[in-house]
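First comes the structure, then the notes that go with it.
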Amino acid sequence: MNKNSSNIMALAPNTSNKRETVCIFGTGDFGRALGHKMIQSGYPVVYGSRSTQISNLIPKDAEVLGHAEAAQKAAVIIIAIQRQHYNFLTKLAEVLHGKVLVDISNNVKLNQYPESNAEYLAQLLPGSKVVKGFNTVSAWALQSGTLDASRQVFICGDDVEAKQMVMNIVRGLGLTPVDKGSLLAAQEIENYPLQLFPMWKFPIFLSLGLGLFFFFYCLALDVIHTYIYENNNVSFFIAISIPNRVFPAMALTLFGLVYLPGIFAAIIQLYRGTKYRRFPDWLDKWMLCRKQLGLIALAFAALHAVFTLVTPLRTFSSWTTSTEIITQALNNQTEPLNHNKAWLNDSYLALGMLGFFVFVLLGITSLPSVSNSVNWREFRFIQSKLGYLALILCTAHTMIYGGNWFLNSQAYKWYLPDIYMLALVVPCAVLVVKFVLILPCVDKPLTQIRQGWERNPRYSE
Amino acid sequence: MNKNSSNIMALAPNTSNKRETVCIFGTGDFGRALGHKMIQSGYPVVYGSRSTQISNLIPKDAEVLGHAEAAQKAAVIIIAIQRQHYNFLTKLAEVLHGKVLVDISNNVKLNQYPESNAEYLAQLLPGSKVVKGFNTVSAWALQSGTLDASRQVFICGDDVEAKQMVMNIVRGLGLTPVDKGSLLAAQEIENYPLQLFPMWKFPIFLSLGLGLFFFFYCLALDVIHTYIYENNNVSFFIAISIPNRVFPAMALTLFGLVYLPGIFAAIIQLYRGTKYRRFPDWLDKWMLCRKQLGLIALAFAALHAVFTLVTPLRTFSSWTTSTEIITQALNNQTEPLNHNKAWLNDSYLALGMLGFFVFVLLGITSLPSVSNSVNWREFRFIQSKLGYLALILCTAHTMIYGGNWFLNSQAYKWYLPDIYMLALVVPCAVLVVKFVLILPCVDKPLTQIRQGWERNPRYSE
Amino acid sequence: MNKNSSNIMALAPNTSNKRETVCIFGTGDFGRALGHKMIQSGYPVVYGSRSTQISNLIPKDAEVLGHAEAAQKAAVIIIAIQRQHYNFLTKLAEVLHGKVLVDISNNVKLNQYPESNAEYLAQLLPGSKVVKGFNTVSAWALQSGTLDASRQVFICGDDVEAKQMVMNIVRGLGLTPVDKGSLLAAQEIENYPLQLFPMWKFPIFLSLGLGLFFFFYCLALDVIHTYIYENNNVSFFIAISIPNRVFPAMALTLFGLVYLPGIFAAIIQLYRGTKYRRFPDWLDKWMLCRKQLGLIALAFAALHAVFTLVTPLRTFSSWTTSTEIITQALNNQTEPLNHNKAWLNDSYLALGMLGFFVFVLLGITSLPSVSNSVNWREFRFIQSKLGYLALILCTAHTMIYGGNWFLNSQAYKWYLPDIYMLALVVPCAVLVVKFVLILPCVDKPLTQIRQGWERNPRYSE
C-alpha cells in the first residue's frame, strides 16, 4: 500500500505459510539480505550453495542445500552470484529448464560488458525464463527495513508469466514493481543504480564557475575597492551583502541560459530551412539540461528573496537607519517624501516579487507528479508563456533596480561595470532575439518548418 | 527509467538489431518524427506509402515500400494517416488481418465524431487488433528529444497481447505506457491533448473579475479619495500598497468560496431528506473546481505574505518611520509602549502566519503524489478539519487586523465599507452556517442521510 | 486520464451501451452508490436482492432480480454484503461457478478476523474467481462525484484474467486501478482505509510534549521571571516572541532526533560486530519514523523563518527602535558601527538562511514523486550528505546566535539555562559522535560490517 503501511508490515511479519518457496543461489551479502526480507514477509526460502555447511549469517529459518536440490524446490530462483561465475550454471541447465531465473546483479561501472548480465544469463540458459530485477534496491536498506527512498523495483523480461511471478514477490516484500518491458531494457536497469545525478553535473559545474566569478568580481568592487580608496573595512559584507548581489545575478543569468538554446535552435532551423537534421551535439546536450538550469536559477532566486527580506534584521541596516535619522534630527529637519523614488522603489520590489511568484509556479509544475497530470499543450503553455513572463518580470525588476545608475561614472569602479549590468546581458539578449522571432514575418516560416515543411526538399534519385 | 537516463538514451542510440521491425503507414509529419525516434531507439522501420519515391524527409535508415509489402514485414503497423483516409485501408483488410494496428490520430476539436477514430478503425477492419496510443505525445518533442513534460503515453485496446506489444515499443522509446483499459477509452484519450486546463477556466475568470472589482474599489477609496479630499497624490500605492490590500481580500473570499458549496450541499440534502438525488448543475460544477479555487486562494495568500514582508524595505515605509521618530525627537519625548496595541498587533500577525502555514500544508497535500499516498479517511481529515482550521485562523487574522476600525466613521469613505470588511462577508457566512450544521441536532440527521437513510422512502408500486 | 478530464466525464455520462452488464449483490449504501456511478459511466447494472420490490433508493435504470437470476446476467458480480452474511452465498455456488466475485467489504477495526474477507470468500466459493477491490473508495465520494483525493483503487486476486476485467471496470469509472498482486494482499488492502496517519502518531505526540515543555519553560523564564523581578508585564510575548523561541528549539531538537537513531544503529553494529541481528524494537520504530520527524522539524523551521521575518512589522519592534534612536538623538550622539557585532549578526543570519535552504531541499526530495525519480545512491547522497550539512549549518546558526551569552550569568535566570542552550544538546551530541564515526579507524570496520563481514562468524555444527 503506501510507504507507511508497508513499513508496519516490515515490523509485523506475515507468518502465513501460503507463499511459495523461493530459491536463492549464492550466500553473499545481497543474497542473505534478500533472504532475510523474504522470510520476514512469509516466503519459505531455500539457499543453493556449494557448501551446505550452515553459517549463522544465513537466516535461521532458511534451508541450505546443494544447487540442484535447492533449484528443484522452487519455481523462482534468485541468482545472487556474480556474472563471472554464471558459467557454472550451464551444468545445471537441465534442472533450471523452465524455471524463472531472477538476475539481480549489478556492475561496477556503466556499460561494463557489451550485453547486460541478464541477457548474458539468458544466452547461457536458453531453456530458462530470465527476469531482471531487484538490482536497484540496496542490500543495506532491505536489511534495516528503512526503505525511505524509492520502493520501486524495475523488472524486465521476455516471458510475461515469469515477470508476473517476480512482480508478485516484489509486492509481497512491500515494494512496488515497475514493468520496464522486454529483456532489452536490462542494460538500462543495470546502469540505473550507478548514476549520480547525471543530468545535474553540467548545470552544477556551470553554476559553480559562474558563482565563483561573480563572487570575486563583487568582492573586488565592493570590499577591496572600498578598502583601498575609502579606507573602510566592510569585510562583513561577505556574509550577506555580497551573496545577495551574487545570487540575483546568478539567478537571472541562469534563467536566461534556460531560454538561450531554444533561440539558437530556432535560428538554426530558419537557416537550414528544415527540422529534419540533428542539432549540433552541444545544443542537444544544453537543451536536455534546461530543466536543471531552471531549477538552479530558482534556487538562487529563492536565496535572493530570503537574503533580501532579512535586511531589516541586520545590525548594519539598523545602524544605517538610525544614523540617517539622527543626522536629520540633529539638523532639525524632516525630508519630504520623494514621490519619484517611492514609485521606482515600489515598482522594482513589486516586479521582483511577481517575477519570483511566477518562477515558483514554474518550479511547482516541474515536479514529476504535476507535470505528469498536464498534457503537452498545457505544458508548453506553462513553460513557454509563463516562463517568458517570469523572465520579462525579473529582467524589468533588475533594470528598474539599477535605474539610471548605469549613467553614473561611480558605477564603474576600476572601469568595470556593476554586477547587475553583467547579469542583464544574457536575459536581454534572449528577450531581444525572441522579440524578433515572434514577428509574423519570422514566425510564419518557422512554424511551417516545425510542422514538417522543407525549404529545399531534395528528392534522392 | 527516470527522465534523465532516458534523455541520455536519446543521445546514445541503441543500435542493437534485436528490436522487431515496425511498419508506419503514412509519411506525414508525425509519421516521420515517430520513425526517426524509433530508428534512434534501434527499431528497423519500414514505411508504407502510395509513392515509393524516397523523399529525404524520411529517415535515411528506413525502407519505403507499397502499403501491402510494408505491412507484411511487421507485426505492428502504425497508422499515421488521417481518419478521412481510413477507408482505403479496407482494401488491405486481408494483409492486415491479425496485425496490430496502432491508431495515433488526433482530432481538431473535442468529440468531433460520434465514435473515436480508433473505434472507427476497428469497425472498418474487424480482423485486426486496434490499439490507441501515441496521440498524446507531440511530434516536435519526439523530434527534438526534449521530452521534459509528461512521458506518459496513454494506451488502450481490446486485445491484451496487442496492447503489450505496443507498450513494449513505448518503453523502448524511453516513454512510459499507461494502460487505460479497453478501446472504449479511446474517445477520452483522443480528447485529452485538446484540453487547455478545463477545470481552471471558471476559477480563473472568477478570480479575474473579483480581482478587478477589488482593485478599482481600493483605488477609488485609497488613491482617488485621498487625492480629492486631502489633495495628496499617493499614486505609487498602485505598485505595492493597493495590491497588498487586494490580495488578502481575494485570498479570503476565494477560500470561503471553497467551503460554500459544501454548505449548500448539506442544506439541500437536509431539505430533501435524501442523498440519492443529484445536486443542481451549478453546484456540481462548483464542487468540482473547489481544489482549483483553493489553490488560487493560496497563491493570493502567498503574494500577500511576500508583499507584507517586503514593507520595511519600501522607501515610503522608511520615510514614515523616520518622520515619526524625528517628530518625537524634536518634541523631546519618547512615547511609552502601548501594551494593548502590542497585543493586538502581535495577535493578528501570529494568526495570519499560522493560518498561512496551515493553508500551505493543505496546498502540499493537494499535490498528486502526496494525495495519492493518503487514504480517504486521512484525506478528509486534512481537507475538512485542517481546511476549516485555516479558514478560522485567516478570518480571525482579518478581524483582529480591523479591530474596532469598523466602528469609526472614517472607515466609510463615500459611505462605502473598507475592503477588509467586504473580504469578511463570505468566510463569516460560511463559518456561521457551518457552526449551525455541526450542532448535534442538525448533524445527526445529516449523517444519517449521508449513510443512505431517507426521510420519505417511497416504494414504487 | 487526469483528474480533471475524469471529473468532466462524471458530468457528461457516457451513455454508450457497449459496456458489459455488472451485477451487484446487496442494496446497501455502498452497493447503491457504486451502482449509481456505474450507470453514469455507461454500465448496465442488475441488482441481486432477496426482495425484488423496487425501492426508489436503487438507481432508476437498474434492474432488480433475485440473486440467482441476477448472477446469470453478468460475468462480474460485486459482493456488496457484509462478511457475516457471506454464508448464504454457498447456496449459489453453482450459479457463481467461474464468475468473477469482487469483494468490496471493509472491516471496523484492523486485523478483525484471522483471514481477510476476500480470502474467506474464496474459501467459501472455490469455483469462483475472487478479486478484492473498491474498498478504499468512499461511498460518499462516489455519490457526489467529488473524487478530489486519491483515485487509486487497490486490486488483488489470484486470477489474472479476472483481475483484468475488474481493472477495466475501475478505469471505466474514471478511477486508477493499482495491481497489488495475489489475494494474499487482501488483508493489507482491507486494513488500509482504517488507518489515520499511523506513522505520524509518535512524531506528533513527541512534538506536542516537547513543544509544551519548551513553551512553559520559555514562558517562565521570559514572561514570569520578568514580571516578578522587573515588574514588567510583557504578556504579549506569548503571541510571537515566545513561539519564535520555541519553534527553532523544536526544529533543531527534532532534526537532531532524525539522525540520532542512525548513530545508535552504528554503535550497536560496531559493538555486536555483525549486521545480521535485528535492532531492538524501539530503535526499529524510531528509524521508521525519521522522515516524519524530519518533516515536522522542517515545519517548525519554516514557522521560525516567517516569525523572524515579521519582526520589523511588530509594534514592539518599532517602539524599541524609535526609543533607542530618540535616546541617542537626545544625547546628541551617533554610535559608530560595531564591526564585530555586524560580523556576528550577519554570520548567524546567513548560516540560518543557508541551513533552512538546504533543509527545504531535503523536504522537496522527500515528496513521493521526487524520491521515486532518484536511485538509491542519489537518495543516500541527499539524505546523508545534504542532511548533515543542514544540521551543521543550523547548529552553527544557533551557536553564533548565542555567542558568548552562555558565559553571562544573566543567561541563567533561576539558575536555568536559556532555551537555545537546551536546543543545542541533541544536535551537538549527534555531530560529535558522527565525527568520531567517520574517523577512518572507526569507519573502516563499520563499512565492512555493513557489507556483510562478521567479527565472530560462528558456524553452527
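Protein sequence lines, in the order shown, are assigned to chains A, B and C.
For the first sequence, UniProt numbering assigns the number 1 to the initial residue and increments by one for each residue that follows.
For the second sequence, UniProt numbering assigns the number 1 to the initial residue and increments by one for each residue that follows.
For the third sequence, UniProt numbering assigns the number 1 to the initial residue and increments by one for each residue that follows.
Just so you know, even glycine gets a beta-carbon here, dropped at the ideal spot from N, CA and C.
Check                                                                                                                   : Outcome
C/PRO368 - containing alpha helix (DSSP H), residue span                                                                : 368–371
Segment contact flag, the segment 91–104 of chain C with the segment 117–132 of chain C, C-beta cutoff 8 Å, min 3 pairs : yes
Within chain B, partners of A/ASP346 - CB distance below 9 Å                                                            : PHE236, PHE237, ILE238, ALA239, ILE240, SER241, ARG314, THR315, PHE316
Contact under 8 Å by Cβ, A/PRO193 with C/ARG380                                                                         : no
Below-8 Å beta-carbon distance, A/MET353 vs any chain B residue                                                         : yes
Length of the line joining the Cα atoms of A/GLY172 and C/LEU183                                                        : 11 Å
Nearest-angstrom beta carbon gap, C/CYS23 and C/ILE78 [assumed within contact, 8 Å]                                     : 7 Å
Of the residues B/VAL45, B/THR320, B/ALA329, B/SER318, the one placed nearest C/THR323, counting alpha carbons only     : B/ALA329
Length-filtered (4 minimum) alpha helix (DSSP H) runs lying within the segment 203–272 of chain C                       : 225–230, 243–272
Exposed unless 16 or more other CB atoms sit within 10 angstroms - verdict on C/ALA122                                  : buried
Straight-line Cα distance separating B/LYS291 from B/ILE81                                                              : 39 Å
Beta-carbon proximity check, A/GLY363 vs A/LEU295, cutoff 8 Å                                                           : yes
Near the ligand NAP: A/TYR43 beta-carbon under 7 Å from a heavy atom                                                    : Inclusion of the ligand NAP in the displayed structure is not the case, the ligand content being empty and no account of it being possible.
Separation of B/GLN187 from A/ILE382, as counted between CA atoms                                                       : 25 Å
Residue environment, A/TYR415, which counts as buried when at least 16 other CB atoms sit within 10 Å                   : exposed
Exposed unless 16 or more other CB atoms sit within 10 angstroms - verdict on B/ALA342                                  : buried
At least three beta-carbon pairs within less than 8 Å, the segment 258–274 of chain B to the segment 209–229 of chain B : no
8 Å Cβ cutoff, C/ASN117 in contact with chain A                                                                         : no
Pairwise C-alpha distance: B/ALA301 and B/ARG314                                                                        : 20 Å
Beta carbon of C/VAL108 nearer than 8 Å to that of C/GLN72                                                              : no
Through-space distance from A/PHE154 to C/ARG50, alpha-carbon basis                                                     : 48 Å
Below-8 Å beta-carbon distance, A/ALA10 vs any chain B residue                                                          : Residue confidence is low: A/ALA10 scores 36 on pLDDT, short of 50, so the model does not pin down where it sits. No coordinate-derived value is stated.
Whether C/ASP443 touches A/ALA239 by CB criterion (8 Å)                                                                 : no
Beta-carbon proximity check, C/LEU369 vs A/PRO368, cutoff 8 Å                                                           : The question names Leu, but residue 369 of chain C is Ser in the sequence shown. Yes; because the gap between Cβ atoms is below 8 Å, this pair is in contact.
Chain B within 8 Å of A/TRP376, Cβ atoms only                                                                           : yes
Presumed contact (8 Å Cβ cut-off) between A/LEU424 and A/ILE392, rounded CB distance                                    : Not really, about 12 Å apart at Cβ, beyond 8 Å.
Closest residue to C/HIS339 among A/PHE357, A/THR320, A/ILE268, A/GLY355 (Cα-Cα distance)                               : A/THR320
Proximal residues to B/TYR86 (C-beta, below 8 Å), its chain only, five neighbours per side dropped                      : ILE79, ASN117, TYR120, LEU121, LEU124
Neighbourhood of A/GLU190 by C-beta, 8 Å cutoff - its chain only, sequence neighbours within 5 removed                  : SER105, ASN106, ASN107, SER116, ASN117, ALA118, LYS132, ASN135
Nearest candidate by alpha-carbon position, reference B/ASN232, set A/LEU337, A/PHE197, A/PHE247                        : A/LEU337
Exposed unless 16 or more other CB atoms sit within 10 angstroms - verdict on A/VAL436                                  : exposed
Nonlocal neighbours in the same chain, by C-beta distance under 8 Å from B/LEU354, ignoring five residues either side   : LEU393
Within chain C, partners of A/LEU309 - CB distance below 8 Å                                                            : LEU309
9 Å Cβ cut-off: residues of chain C touching A/TRP282                                                                   : None at all; the shortest Cβ gap to chain C is about 26 Å.
Where the alpha helix (DSSP H) through A/PHE25 begins and ends                                                          : Run containing A/PHE25: none in the alpha helix (DSSP H); it sits in the beta strand (DSSP E), 22–25.
Minimum Cβ-Cβ distance from B/THR15 to chain C less than 8 Å                                                            : Residue confidence for B/THR15 is low, a pLDDT of 39 falling below 50, so the modelled location carries little weight; the figure read from the coordinates is stated next. Not one chain C Cβ lies under 8 Å of B/THR15.
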